[in-house]
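J.: Under this note's numbering, the very last position in the sequence shown is 449; numbers go up by exactly one each time.
Even for Gly, the Cβ is constructed at its ideal location relative to N, Cα and C.
The structure's right below; bear with me while I get my questions together.
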Amino acid sequence: MAQTNTSNNGKMSVMEAIQSRRTIFKFKPDPVPKTVLEDILYAGIWAPNHHLTEPWRFTVIGEEAKLKLAERYGEIQVEKVTSNPEAAKAATEETLAEIRERGFQKFMSKPTIVAVSCIKEGSEQRQLEDYASVCCSMLNIQLAGWEQGIGMQWSTGGITLEQGTYDLFGINSEAEYIIGFYYMGYPDEIPTPKRKPLHDVLRWVD
Ligand SMILES: Cc1cc2nc3c(=O)[nH]c(=O)nc-3n(C[C@H](O)[C@H](O)[C@H](O)COP(=O)(O)O)c2cc1C
244 MAQTNTSNNG KMSVMEAIQS RRTIFKFKPD PVPKTVLEDI LYAGIWAPNH
294 HLTEPWRFTV IGEEAKLKLA ERYGEIQVEK VTSNPEAAKA ATEETLAEIR
344 ERGFQKFMSK PTIVAVSCIK EGSEQRQLED YASVCCSMLN IQLAGWEQGI
394 GMQWSTGGIT LEQGTYDLFG INSEAEYIIG FYYMGYPDEI PTPKRKPLHD
444 VLRWVD
């Protein structure tokens with residue numbers, strides 16, 4: 244985690260949080276406590292949003308739903324193999340069972356999971372802007388979490404797109420769509436950052 248900035252009463256500055264935040268894939272087992280989770284989701288509702296549409300919706304996934312999703316996640320990993328004719332021919336029942344179990348365990352290793360969705364309403368322009376607002380909200384959440392020692396992975400994997408997932412959460416896919424899952428928890432490993440220098444992407448026009 245980033246070093247704290249003592250010039251800011253020991254609190255992490257916005258710039259420090261922005262620069263030190265990393266996507267986290269490996270977590271300690273403890274879930275994010277409910278009050279902390281609500282605090283960081285609260286940061287999400289302060290994102291800019293055009294016409295104050297407040298298009299974000301947050302679905303916190305409980306144990307029962309997590310188990311069902313983990314089983315489905317395991318199946319998806321198997322389907323990735325069986326949908327490729329060559330890989331399917333090479334795979335034994337035993338390897339497929341291992342792939343399924345590894346997928347199940349991988350999903351279960353995410354201590355807290357929140358699905359972030361966006362309401363689907365109005366013109367194409369409004370929908371674009373609402374999507375952008377929810378993305379801003381998601382970054383607020385990630386930064387607010389980071390300040391409290393919580394890391395996240397934004398995931399747009401297949402399981403976030405399936406109708407079964409919408410049904411499990413009671414989300415009407417005509418009226419609202421899932422942008423991604425946030426896997427959250429206390430980081431067990433922080434990856435090394437990678438970015439091109441600013442000057443590679445900066446253009447000044449006279
Ligand atoms: C819209 C969006 C979708 C993403 N989807 C995934 C994903 O499905 N799987 C994943 O591992 N990371 C996903 N990420 C995280 C990025 O891979 C990550 O931000 C990138 O590797 C840079 O790392 P950093 O966040 O540590 O700077 C997503 C990020 C964004 C903004």
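In the DSSP output, what is E372 paired with across the bridge?
T.: According to DSSP, E372 bridges with nothing at all.
J.: Compare the Cα-Cα distances from N383 to each of L371, Q370 and W397 and report the closest residue.
T.: Of the listed residues, the one whose Cα sits closest to N383 is W397.
J.: Consider the C-beta atom of Q320 and the heavy atoms of ligand 1; say whether any pair is separated by less than 7 Å.
T.: False, no ligand heavy atom lies under 7 Å from that Cβ.
J.: Just confirm the distance between the C-beta atoms of V377 and P298, as a whole number of angstroms; I'd bet it's less than 8 Å.
T.: Rounded, the Cβ-Cβ distance is 6 Å, consistent with contact.
J.: Which ranges does the beta strand (DSSP E) cover as unbroken runs of at least 3 residues, wholly within the segment 248-330, from first to last along the chain?
T.: Taking only runs of at least 3 residues, the beta strand (DSSP E) segments lying wholly in the segment 248-330 are 299-303.
J.: Run the CB neighbour count on M381, radius 10 Å, all protein chains shown included, and call it buried at 16 or more, exposed below.
T.: Buried, because 16 or more other Cβ atoms sit within 10 Å of the Cβ of M381.
J.: Between R315 and ligand 1, is there a pair consisting of the residue's CB and a ligand heavy atom that are separated by less than 7 Å?
T.: Every heavy atom of ligand 1 is 7 Å or more from the Cβ of R315, so no.
J.: Just to confirm, does G413 get its C-beta within under 7 Å of one of the non-hydrogen atoms of ligand 1?
T.: No, Cβ of G413 sits at least 7 Å from all heavy atoms of ligand 1.
J.: Taking the alpha carbon of I422 as the reference point, which residue from S360, A260, L284 and I402 has its own alpha carbon closest?
T.: Per the Cα distances, S360.
J.: Please classify D410: is it buried, with 16 or more other beta-carbons within 10 angstroms of its beta-carbon, or exposed?
T.: Under this definition D410 is an exposed residue.
J.: Please state whether the Cβ-Cβ distance between G392 and D273 is less than 8 Å.
T.: In this structure, D273 does not lie closer than 8 Å to G392 by Cβ.
J.: Could you check what DSSP says for E344 in three-state terms: helix, strand or coil?
T.: Helix, per DSSP.
J.: Whole angstroms is fine: what's the gap from F412's alpha carbon to W289's?
T.: Cα to Cα, F412 sits roughly 24 Å from W289.
J.: On the DSSP letters alone, give me the boundaries of the alpha helix (DSSP H) that Q406 sits inside.
T.: Q406 -> alpha helix (DSSP H) spans Q406 to F412.
J.: Just checking my contact of V357 with I342 at CB under 8 Å: how many whole Å lie between their CB atoms?
T.: That belief does not hold up - the Cβ atoms of V357 and I342 are roughly 26 Å apart, past 8 Å.
J.: When you compare each of P436, Y316, T296 and M351 to G305 by their alpha carbons, which one comes out closest?
T.: G305 has its Cα closest to that of M351, out of P436, Y316, T296 and M351.
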